[in-house]
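A.B. asks: Take a look at the following structure, please.
Numbering (my numbering), first residue to last: 4 to 402.
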């Protein structure tokens with residue numbers, strides 16, 4: 004944490020020092036303002052910019068906060084949980100040129116560096132990125148936890164997300180309007196998850212994604228239609244990934260294993276997966292969905308697993324005109340998620356039914372969210388079933 008504070012102070016001091024060297028005596032000096040990205044410091048020549056923002060999430064949950072994963076989780080004692088769910092510090096901006104950008108994000112509660120990357124975004128059709136970040140693989144995971152429509156991501160995020168990886172990427176947008184409007188992302192990565200310092204073998208992870216914005220403009224990577232789009236914004240996306248590593252799943256903690264798999268050794272698991280997703284925002288209504296498939300080949304044990312899952316999610320803001328009067332926006336959203344841990348056992352599945360209510364005081368920067376969820380667990384291969392309810396309330400505050 005101390006090193007992080009020193010780094011921020013160095014950037015601020017550098018921006019002010021640069022200003023003193025490059026501006027005339029009648030200059031207004033460094034421009035300081037507050038935007039949706041936090042406090043922003045910009046030199047008069049716009050060659051250097053520093054943005055600093057923070058975000059806090061306060062959460063209450065009953066009967067537990069985390070999604071139940073096993074049959075035994077459904078019989079665990081009920082708990083009332085109050086906690087600081089996230090406490091983030093975000094630093095970004097540009098240096099030397101407006102198109103040479105940087106960003107890093109730190110989780111204060113877990114003392115965990117989440118993102119650090121440098122982006123070259125001089126041309127809309129061709130940009131470059133290097134560092135560590137959340138892969139542009141699924142919409143649900145790409146949406147920041149501070150811009151989600153629901154209180155948290157769905158049941159299927161855990162088994163299918165690629166999460167944060169280290170590597171390099173090229174990306175851009177082609178056409179920028181019309182039926183042939185596309186966004187693309189292509190990445191080559193170490194494939195060992197967040198915070199990895201080395202690879203387990205000579206193989207790398209490859210990830211690719213293409214968005215087709217068939218109405219001329221794709222919806223932003225955020226939940227809810229807060230902007231009330233008079234013209235529909237929609238996209239259809241396809242992504243794929245391949246990797247060989249000791250891991251069968253990833254999270255913000257790094258590499259790990261799904262419940263059905265043992266801890267691996269270097270090069271043990273060969274994973275191939277793909278996803279099809281849709282998104283739409285139109286007149287206060289928002290929609291998104293994902294369908295996933297994943298194959299896990301155990302190169303040592305010789306077994307091969309096949310996973311599948313999907314979710315459907317939609318929401319509507321009832322009083323979209325309230326933003327003009329300064330009153331909070333109210334939204335109701337619903338989601339259904341379905342997960343099959345192994346396709347060869349079709350009677351084994353997990354389901355999620357969630358209903359959420361949002362109260363936006365200042366968009367996603369200041370909002371209150373409540374949700375209620377029913378989980379249904381079927382493991383008929385072992386002749387057992389279970390279900391459980393959960394209620395949560397969260398206040399999200401960014402500055």
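Just so you know, even glycine gets a beta-carbon here, dropped at the ideal spot from N, CA and C. Note that the structure is a prediction, hence the values are computed from the model and not measured.
Tell whether a beta-carbon distance below 9 Å holds between residue 316 and residue 290.
C.D. replies: Taking the chain shown and counting its residues from 1, one reaches residue 316 at position 313. Taking the chain shown and counting its residues from 1, one reaches residue 290 at position 287. Contact flag set, yes.
A.B. asks: Would residue 262 and residue 103 qualify as a contact pair, given that the criterion is a beta-carbon distance under 9 Å?
C.D. replies: To locate residue 262, count along the chain shown from 1; it is residue 259. To locate residue 103, count along the chain shown from 1; it is residue 100. The answer is no: Cβ separation not under 9 Å.
A.B. asks: How big is the Cα-Cα spacing for residue 314 and residue 140?
C.D. replies: For the purposes of this step, residue 314 is identified with residue 311 of the chain shown, where counting begins at 1. For the purposes of this step, residue 140 is identified with residue 137 of the chain shown, where counting begins at 1. Spanning the two alpha carbons is a distance of roughly 15 Å.
A.B. asks: Report all residues from its chain with a CB closer than 8 Å to the CB of residue 346; omit the five preceding and five following residues, and keep chain order.
C.D. replies: Numbered from 1 along the chain shown, position 343 holds the residue referred to as residue 346. So the list reads 309, 310, 311, once near-sequence residues are dropped.
A.B. asks: Just to confirm, are residue 44 and residue 96 a CB contact at a threshold of 9 Å?
C.D. replies: Sequence index remark: in the chain shown, residue 44 carries index 41 (1-based). Sequence index remark: in the chain shown, residue 96 carries index 93 (1-based). Yes, the Cβ-Cβ distance between residue 44 and residue 96 is below 9 Å.
A.B. asks: Do residue 375 and residue 336 have their CB atoms nearer than 9 Å?
C.D. replies: On the chain shown, residue 375 is found 372 positions in, with the first residue counted as 1. On the chain shown, residue 336 is found 333 positions in, with the first residue counted as 1. No, these two residues do not count as a Cβ contact at 9 Å.
A.B. asks: For the region 68–126, list the beta strand (DSSP E) runs that are entirely contained and at least 3 residues long, ordered along the chain.
C.D. replies: Runs found: 84–98, 100–110, 115–126.
A.B. asks: Return the CA-CA distance between residue 40 and residue 94, expressed in angstroms with no decimal places.
C.D. replies: Locating residue 40 in the chain shown gives position 37, counting from the first residue. Locating residue 94 in the chain shown gives position 91, counting from the first residue. Taking the straight line from one Cα to the other gives about 9 Å.
A.B. asks: Which same chain residues end up closer than 7 Å to residue 133 when comparing Cβ atoms and leaving out the 5 residues on each side of it in sequence?
C.D. replies: In the chain shown, the residue the question calls residue 133 occupies position 130. Closer than 7 Å at the Cβ level, and outside the excluded window around residue 133, lie 120, 121, 171.
A.B. asks: Mind checking which residues open and close the beta strand (DSSP E) that includes residue 145?
C.D. replies: Taking the first residue of the chain shown as 1, we reach residue 145 at position 142. Note, residue 145: premise wrong, no beta strand (DSSP E); alpha helix (DSSP H) at 142–145.
A.B. asks: Below 8 Å on the Cβ atoms is my guess for residue 81 versus residue 65; work out the distance and round it to an integer in Å.
C.D. replies: The residue labelled residue 81 in the question sits at position 78 within the chain shown. The residue labelled residue 65 in the question sits at position 62 within the chain shown. About 7 Å separates the two Cβ atoms, so the contact holds.
A.B. asks: Which class does residue 352 belong to by DSSP, given the choice of helix, strand or coil?
C.D. replies: Here residue 352 corresponds to residue number 349 of the chain shown, with the count starting at 1. The answer is strand: DSSP assigns residue 352 an E or B state.
A.B. asks: Beta-carbon within less than 6 Å of residue 105's beta-carbon, same chain only, minus the 5 sequence neighbours each way: which residues are those?
C.D. replies: In the chain shown, counting from the first residue as 1, residue 105 sits at position 102. The residues are 121.
A.B. asks: Which of the three DSSP states is assigned to residue 324 in this structure?
C.D. replies: Residue 324 sits at position 321 when you count from the first residue of the chain shown. Reduced to three states, the DSSP call for residue 324 is helix.
A.B. asks: In angstroms, rounded to a whole number, what distance separates the CA positions of residue 341 and residue 254?
C.D. replies: Counting from 1 along the chain shown, the entry for residue 341 is found at position 338. Counting from 1 along the chain shown, the entry for residue 254 is found at position 251. When the Cα atoms are used, residue 341 and residue 254 turn out to be separated by approximately 20 Å.
A.B. asks: Contact between the region 203–216 and the region 237–247: three or more CB pairs below 8 Å?
C.D. replies: yes
A.B. asks: Excluding the five sequence neighbours on either side, which residues of its own chain have a C-beta within less than 6 Å of the C-beta of residue 264, listed in chain order?
C.D. replies: For the purposes of this step, residue 264 is taken as residue 261 along the chain shown, with counting starting at 1. For residue 264, where only same-chain residues beyond five positions count, the Cβ hits under 6 Å are 251.
A.B. asks: Which partner residues does residue 210 have in the DSSP bridge list?
C.D. replies: Counting from one through the chain shown, the residue named residue 210 turns up at place 207. Bridge partners of residue 210: 190, 244.
A.B. asks: Using only CA atoms, which one of 76, 307, 89 lies nearest to residue 397?
C.D. replies: Within the chain shown, residue 397 is the residue found at index 394, counting from 1. Closest in alpha carbon position to residue 397, among 76, 307, 89, is 89.
A.B. asks: In the DSSP assignment, find the unbroken beta strand (DSSP E) run with residue 296 in it and report its ends.
C.D. replies: As a working mapping, residue 296 is identified with position 293 in the chain shown. Secondary structure note for residue 296: its beta strand (DSSP E) is the uninterrupted segment 288–301.
A.B. asks: Check residue 2 in the structure and name its three-state DSSP category.
C.D. replies: The chain is shown from 4 up to 402; residue 2 falls before or after that span and cannot be answered.
A.B. asks: For residue 61, which of 149, 157, 393 has the nearest alpha-carbon?
C.D. replies: Looking up residue 61 in the chain shown gives position 58. Comparing Cα-Cα distances from residue 61 to each of 149, 157, 393, the minimum goes to 149.
A.B. asks: In terms of alpha-carbon separation, which member of 138, 391, 323 lies closest to residue 354?
C.D. replies: The residue labelled residue 354 in the question sits at position 351 within the chain shown. That would be 391, whose Cα lies nearest to the Cα of residue 354.
A.B. asks: Assuming residue 197 is part of the beta strand (DSSP E), what are its boundary residues?
C.D. replies: Against the chain shown, residue 197 aligns to sequence position 194. Note, residue 197: premise wrong, no beta strand (DSSP E); not H, not E.
A.B. asks: If you pair each beta-carbon of the region 210–217 with each one of the region 229–245, do three or more pairs fall below 8 Å?
C.D. replies: yes
A.B. asks: Let's see if you can read the secondary structure: which residues bound the beta strand (DSSP E) around residue 44?
C.D. replies: As a working note, residue 44 is residue 41 in the chain shown. It spans 41–45 - the beta strand (DSSP E) in which residue 44 sits, taken as one unbroken run.
A.B. asks: Give the single residue among 328, 381, 369 whose Cα lies nearest to the Cα of residue 351.
C.D. replies: One-based indexing of the chain shown puts residue 351 at position 348. Residue 381 is the option with its Cα nearest to residue 351.
A.B. asks: Considering only residues of the same chain and omitting the five flanking positions on each side of residue 267, which have a CB-CB separation below 6 Å?
C.D. replies: For the purposes of this step, residue 267 is taken as the residue at position 264 of the chain shown. Correct list, in chain order: 249.
A.B. asks: Considering residue 161, what are the terminal residues of the alpha helix (DSSP H) in which it resides?
C.D. replies: Locating residue 161 in the chain shown gives position 158, counting from the first residue. Note, residue 161: alpha helix (DSSP H), 160–163.
A.B. asks: Could you say which of 256, 286, 181, 224 lies nearest to residue 233 if we only look at CA atoms?
C.D. replies: For the purposes of this step, residue 233 is identified with residue 230 of the chain shown, where counting begins at 1. Among 256, 286, 181, 224, the Cα nearest to that of residue 233 belongs to 286.
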